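Q:
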């Protein structure tokens, strides 16, 4: 728990970093800068993208960094910091991009569309939903793309851009879905529920919290779902939807949990504190 190093950015940070295989850390700030930081905490490069950034960066298999910004631009940036290409949507991009096995990049925008962009920066298709998309898409093993919308639905979209199914919740879906090996999809909603959805779009189970869910789920190797609700509780939910335990979090928590070694859960709070919580909520 001791500080190893600190790196100062020009603006506040509201997204999660991406870490490359060589240990390089890519992180943006609200001032519109994307930073590449070496594992020792020293800056490798900084690129000004010209707009406020809330989306997290995503890394492609070839090391390309994909970064959305509030001016509606998705940037593809080479590992050396030079621009590969840009693609302009019609609204703000606060959704974090996902990259499929074939290199297709999927990203949502506030123009109610999910975009599929080829690895050369050209649009393959755009799928229209009924509301803003701040949820980050997830891609299943079969190429199905899952994304939530403020219109209260989770959408399953085929790789050709056609709708496979949609699942209605009782509230806006800001949370990014998680896809399990058996193609079950886990997603939270602002109706104070976490849903497990069968591959055919029917409900498998639901779990009720005491606050809206915008945190994305983290899934343990044993299938346990960890998710944070707006009542500042960390929930551990069994693979069958049964409650395992809850942990009250001090301060406000604005991030999704991450699972480390020995099932330790790490959560960054909006109070500027990183929390490490042991197995069984202790």
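Numbering (this note's numbering), first residue to last: 7 to 288.
For each residue, glycine too, the CB sits at the ideal point set by N, CA and C.
On a predicted model such as this, the values are computed, not experimentally measured, just so you know.
As a quick exercise: from 29, 48, 25, pick the residue whose alpha carbon is nearest that of residue 11.
A: Here residue 11 corresponds to residue number 5 of the chain shown, with the count starting at 1. The option with the nearest alpha carbon to residue 11 is 48.
Q: Let's test the definition: count the other Cβ atoms within 10 Å of the Cβ of residue 168 and tell me whether it reaches 16, buried, or not, exposed.
A: Indexing the chain shown from 1 puts residue 168 at position 162. Residue 168 is exposed by the Cβ-count criterion.
Q: Go ahead and pull the three-state DSSP assignment for residue 287.
A: The residue labelled residue 287 in the question sits at position 281 within the chain shown. Helix, per DSSP.
Q: Does the Cβ of residue 56 have 16 or more other Cβ atoms within 10 Å, making it buried, or fewer, making it exposed?
A: Position 50 of the chain shown, counting from 1, holds the residue named residue 56. Result: exposed.
Q: If I follow the unbroken beta strand (DSSP E) through residue 194, where does it start and stop?
A: Within the chain shown, residue 194 is the residue found at index 188, counting from 1. Per DSSP, residue 194 belongs to the beta strand (DSSP E) from 191-195.
Q: I'd like the list of long-range same chain contacts for residue 104, defined as Cβ closer than 7 angstroms, with 5 residues on each side in sequence excluded.
A: As a working mapping, residue 104 is identified with position 98 in the chain shown. Cβ neighbours of residue 104 beyond the five flanking positions: 64, 112, 142, 143, 144, 145.
Q: Name, in chain order, the residues that DSSP records as bridge partners for residue 39.
A: Taking the chain shown and counting its residues from 1, one reaches residue 39 at position 33. DSSP, once it has assigned bridges, lists 54 as partnering residue 39.
Q: Would DSSP call residue 267 helix, strand or coil?
A: As a working note, residue 267 is residue 261 in the chain shown. Helix at residue 267.
Q: Using 10 angstroms around the beta-carbon of residue 95, count the other beta-carbons present and answer buried if the total reaches 16, otherwise exposed.
A: Within the chain shown, residue 95 is the residue found at index 89, counting from 1. Per the 10 Å Cβ criterion, buried.
Q: What separation, rounded to the nearest whole angstrom, lies between the Cα atoms of residue 212 and residue 230?
A: The sequence position of residue 212 within the chain shown is 206, counting from 1. The sequence position of residue 230 within the chain shown is 224, counting from 1. Going by the C-alpha atoms only, they are around 14 angstroms apart.
Q: Under the assumption that residue 61 contacts residue 74 (Cβ atoms under 8 angstroms), give the Cβ distance between them as a whole number of angstroms.
A: Walking along the chain shown from the start, residue 61 turns up at place 55. Walking along the chain shown from the start, residue 74 turns up at place 68. So it is a contact: roughly 4 angstroms between Cβ atoms.
Q: Determine, using beta carbons only, whether residue 240 and residue 280 come nearer to each other than 8 angstroms.
A: Taking the chain shown and counting its residues from 1, one reaches residue 240 at position 234. Taking the chain shown and counting its residues from 1, one reaches residue 280 at position 274. No.
Q: Classify residue 212 as helix, strand or coil using the three-state DSSP reduction.
A: As a position in the chain shown, residue 212 is number 206, starting the count at 1. The answer is strand: DSSP assigns residue 212 an E or B state.
Q: Between 17, 209, 214, which has its C-alpha nearest residue 189's C-alpha?
A: On the chain shown, position 183 is the one that residue 189 refers to. It is 209 whose Cα lies nearest to the Cα of residue 189.
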